[in-house]
Amino acid sequence: MAITVAEIQAPIAAEMELFEQKFKGQMKSDVMLLDQIMNYIVKRKGKQLRPMFVFLMAGVCGSITEATYRGASLIELLHTATLVHDDVVDESNYRRGFFSINALWKNKVAVLVGDYLLSRGLLLSVDNNDFDLLRIVSTAVRELSEGELLQLYKARRLDITEDIYYEIIRQKTASLIAACCAVGARSAGIAPEIVDKAHAFGEKVGIAFQIKDDLFDYGTAEVGKPLGIDIKEKKMTLPLIYALNKAGYLEKRRIINIIKNESGKPKKVNEVIEFVKNSGGIEYATKAMNHYVAQAQALLNDFPDSPYRSSLHKLVQYTIDRSK
């Protein structure tokens, strides 16, 4: 039977409800336009996986404190700021099936909203002397930006090796989940070496999460993004990298030429998808994903048994079993 979000949230259901109230309060503004936009952002929130990682890891490490609520809010504020700015950069009109901020209120307003969210996060930490939490999250945001820029640079050349691919997804995706786990652990007031272990656990989960996202590009499930979108955007994902490494010179050159020059043609994108499937790229990436999941679960087992740990195990499984 599939794991549900409600099942994962069971040990922290009350805390998540209270967090939602606190987070709404932190999004308030005296400027009517800004308040309207903040309400829109709150209403279209997703499954809240990031706060769940924060609260469950705090529970695993001993105690959920006021700092845990602030840490979860800090991550949500800074992450939402990056998403708002990303939609401007990508000229995207939708996010999670809703209109993006820039689609409804134009780019200038969206950029300013992103700046506002960033400042709210910084002030939340500074006003409460949560400098250790701010350092963890700010480092993740820096790495996220570096990963995005490295991916953009490499997309022009299409010369990403597996090593570079893993560095990109470690920075771009895994750094934020790692920060969630480290913030949760640190908010519980435990020793730095345990915080490091929580961070390492989150990083393994984040890498598996991104590989799962890559696999969606070659599937048929409704996952919130069109089939082959990574190929159209010239993103070198693990299944594609593996397939290209296995291909002969002429076939490799043909596929790279399609990605470089014909990725706007659905028929050509389907050619690339079939090439990857026939080369064993899907199986290879799935095996890699499961390897990182096993490493994450092993790290988690070093922590004391508790309902929080059981839920974290389920949350890890949920991130790779998800259909979107």
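Under our numbering, the first residue of the sequence shown carries the number 59, and numbering increases by one thereafter.
Ideal Cβ positions, reconstructed from N, Cα and C, are used throughout, including at glycine.
Check: Thinking just about the alpha-carbon of each residue, which of Leu-234, Lys-164, Lys-166 is nearest to the one in Leu-191?
Finding: Position 133 of the sequence shown, counting from 1, holds the residue named residue 191. Among Leu-234, Lys-164, Lys-166, the Cα nearest to that of Leu-191 is on Leu-234.
Checklist line | Contacts around Thr-138, its chain only, beta-carbon distance under 6 Å, and the 5 residues preceding and following it disregarded | finding: Position 80 of the sequence shown holds residue 138. For Thr-138, where only same-chain residues beyond five positions count, the Cβ hits under 6 Å are Leu-175.
Check: Between Phe-111 and Ile-70, is the Cβ-Cβ spacing less than 8 Å?
Finding: On the sequence shown, position 53 is the one that residue 111 refers to. On the sequence shown, position 12 is the one that residue 70 refers to. No.
Checklist line | Cα-Cα separation between Tyr-98 and Phe-156, rounded to whole angstroms | finding: Residue mapping note: residue 98 aligns to position 40 of the sequence shown, counting from 1. Residue mapping note: residue 156 aligns to position 98 of the sequence shown, counting from 1. Each residue's Cα considered, the two are about 10 Å apart.
Check: Quick one: is Glu-332 buried, meaning 16 or more other Cβ sit within 10 Å of its Cβ, or exposed?
Finding: Working through the sequence shown from its first residue, we reach residue 332 at position 274. Per the 10 Å Cβ criterion, exposed.
Notebook entry, point to check: When you compare only the Cα positions, how much space is there between Ile-317 and Asn-151?
Noted result: In the sequence shown, residue 317 corresponds to position 259, counting from 1. In the sequence shown, residue 151 corresponds to position 93, counting from 1. If I take the Cα positions, the gap works out to 24 Å.
Item checked: Chain-order list of residues whose beta-carbon lies under 6 Å from that of Leu-298 (same chain, five-residue window excluded) -> Counting from one through the sequence shown, the residue named residue 298 turns up at place 240. Once the five neighbours on either side are set aside, the close Cβ partners of Leu-298 are Val-334.
Margin query: Along the chain, where does the alpha helix (DSSP H) containing Met-115 start, and where does it finish?
Written below: Numbered from 1 along the sequence shown, position 57 holds the residue referred to as residue 115. First-last of the alpha helix (DSSP H) with Met-115: 107-118.
Margin query: If contacts are defined as beta-carbon pairs under 8 Å, then Ala-236 and Gly-264 qualify, I think. What distance do you get, rounded to the angstrom?
Written below: By one-based count along the sequence shown, residue 236 stands at place 178. By one-based count along the sequence shown, residue 264 stands at place 206. With a Cβ gap of about 6 Å, Ala-236 and Gly-264 count as contacting.
Next item on the list: Going by CA-CA distance only, name the one from Asn-165, Glu-201, Lys-230 that's closest to Ile-269.
Entry: Walking along the sequence shown from the start, residue 269 turns up at place 211. Nearest C-alpha to Ile-269: Lys-230.
Checklist line | Nearest residue (CA-CA) to Ala-116, options Asp-379, Pro-362, Tyr-376 | finding: Translated into the one-based positions of the sequence shown, residue 116 becomes position 58. In terms of Cα proximity to Ala-116, the closest of Asp-379, Pro-362, Tyr-376 is Pro-362.
Next item on the list: Specify whether the stretch 345-360 and the stretch 253-267 touch according to this definition: at least 3 beta carbon pairs, one from each stretch, less than 8 Å apart.
Entry: yes
Next item on the list: Give the secondary structure of Phe-49 by DSSP, where H, G and I count as helix, E and B as strand, and everything else as coil.
Entry: The structure shown has nothing for residue 49, since the chain only spans 59 to 382.
Note to self: Please state the DSSP three-state secondary structure of Tyr-152.
What the structure shows: Counting from one through the sequence shown, the residue named residue 152 turns up at place 94. Three-state result, Tyr-152: strand.
Checklist line | Buried versus exposed, by CB contacts within 10 Å (16 or more), Phe-274 | finding: For this step, residue 274 is matched to residue 216 along the sequence shown. It is buried - the Cβ of Phe-274 has at least 16 other Cβ atoms within 10 Å.
Check: Are the stretch 178-192 and the stretch 124-143 touching by the rule of at least three beta carbon pairs closer than 8 Å?
Finding: yes
Item checked: Inter-residue spacing [alpha-carbon to alpha-carbon] between Asp-254 and Val-142 -> Taking the sequence shown and counting its residues from 1, the one referred to as residue 254 is at position 196. Taking the sequence shown and counting its residues from 1, the one referred to as residue 142 is at position 84. Cα to Cα, the separation comes out at about 30 Å.
Note to self: What does the alpha-carbon distance come out to for the pair Ala-346 and Asn-336?
What the structure shows: Looking up residue 346 in the sequence shown gives position 288. Looking up residue 336 in the sequence shown gives position 278. Rounded to the nearest angstrom, the two C-alpha atoms are 18 Å apart.
Check: Do you know how far the Cα of Glu-124 is from the Cα of Ala-246?
Finding: Along the sequence shown, read from residue 1 onward, the residue named residue 246 stands at position 188. Along the sequence shown, read from residue 1 onward, the residue named residue 124 stands at position 66. Their Cα atoms are separated by approximately 9 Å.
Item checked: DSSP-derived helix/strand/coil call for Lys-283 -> Here residue 283 corresponds to residue number 225 of the sequence shown, with the count starting at 1. With a pLDDT of 47 at Lys-283, under the threshold of 50, the predicted position of this residue should be treated as unreliable, though the coordinate-derived value follows. Three-state DSSP puts Lys-283 in coil, outside helix and strand.
Check: From Leu-181 to Gly-205, what does the alpha carbon distance come to, in whole angstroms?
Finding: As a first step, residue 181 is located in the sequence shown; it is residue number 123 there, counting from the start. As a first step, residue 205 is located in the sequence shown; it is residue number 147 there, counting from the start. Going by the C-alpha atoms only, they are around 26 Å apart.
Notebook entry, point to check: Does the Cβ-Cβ distance between Val-100 and Ser-364 come in under 8 Å?
Noted result: Taking the first residue of the sequence shown as position 1, residue 100 is located at position 42. Taking the first residue of the sequence shown as position 1, residue 364 is located at position 306. Between Val-100 and Ser-364, the C-beta gap is not smaller than 8 Å, which leaves the two residues out of contact.
Checklist line | Counted within 10 angstroms of its Cβ, other Cβ atoms place Arg-215 as buried (16 or more) or exposed | finding: The count along the sequence shown starts at 1 and reaches residue 215 at position 157. Exposed: under 16 other Cβ atoms inside 10 Å.
Notebook entry, point to check: Rounded to a whole number of angstroms, what is the C-alpha to C-alpha distance between Ile-66 and Pro-324?
Noted result: To locate residue 66, count along the sequence shown from 1; it is residue 8. To locate residue 324, count along the sequence shown from 1; it is residue 266. Each residue's Cα considered, the two are about 39 Å apart.
Next item on the list: Check whether the stretch 87-97 touches the stretch 163-174, taking contact to mean three or more Cβ pairs, one atom from each stretch, closer than 8 Å.
Entry: The count of Cβ pairs closer than 8 Å, one atom from the stretch 87-97 and one from the stretch 163-174, reaches three, so the stretches are in contact.
Next item on the list: Pull up the CB-CB distance for Val-195 and Ile-133, whole angstroms please, since I reckon it's below 8 Å.
Entry: Start at 1 with the first residue of the sequence shown, and residue 195 comes out as number 137. Start at 1 with the first residue of the sequence shown, and residue 133 comes out as number 75. Yes, they are in contact, since the Cβ atoms of Val-195 and Ile-133 sit about 6 Å apart, within 8 Å.
Next item on the list: Less than 8 Å between the CB atoms is what I'm expecting for Gln-106 and Met-74, so what's the real figure, rounded?
Entry: Walking along the sequence shown from the start, residue 106 turns up at place 48. Walking along the sequence shown from the start, residue 74 turns up at place 16. Separation of the CB atoms of Gln-106 and Met-74 is rounded to 7 Å, and the pair is thereby assigned contact status at 8 Å.
Notebook entry, point to check: Who pairs with Phe-157 in a beta bridge, going by DSSP?
Noted result: Within the sequence shown, the letter at position 99 stands for residue 157. DSSP lists Tyr-152 as partners of Phe-157.
Margin query: Looking only at its chain, what residues have a beta carbon closer than 7 Å to the beta carbon of Asn-160, apart from the 5 residues adjacent to it on each side?
Written below: Numbered from its first residue, the sequence shown carries residue 160 at position 102. Here the set comprises Asp-145, Val-146, Ala-168.
Next item on the list: Report buried or exposed for Asp-217, applying the criterion of at least 16 other Cβ atoms within 10 angstroms of its Cβ.
Entry: Position 159 of the sequence shown, counting from 1, holds the residue named residue 217. Asp-217 comes out exposed.
Item checked: Among Glu-149, Thr-140, Ile-378, the one whose alpha carbon lies nearest that of Val-351 -> The residue you call residue 351 lines up with position 293 of the sequence shown. Minimum Cα distance to Val-351 is reached at Ile-378.
Check: Just reading off the alpha helix (DSSP H) that Arg-214 is part of, what are its end residues?
Finding: Numbered from 1 along the sequence shown, position 156 holds the residue referred to as residue 214. First-last of the alpha helix (DSSP H) with Arg-214: 189-215.
Check: In or out: Val-327 buried (at least 16 other Cβ within 10 Å) or exposed?
Finding: Along the sequence shown, read from residue 1 onward, the residue named residue 327 stands at position 269. Around the Cβ of Val-327, a 10 Å sphere holds 16 or more other Cβ atoms; the residue is buried.
Next item on the list: Please check the pair Tyr-223 and Met-294, which I expect to be a contact at CB under 8 Å, by giving their CB distance rounded to whole angstroms.
Entry: Locating residue 223 in the sequence shown gives position 165, counting from the first residue. Locating residue 294 in the sequence shown gives position 236, counting from the first residue. Tyr-223 to Met-294, Cβ: 6 Å. Contact.
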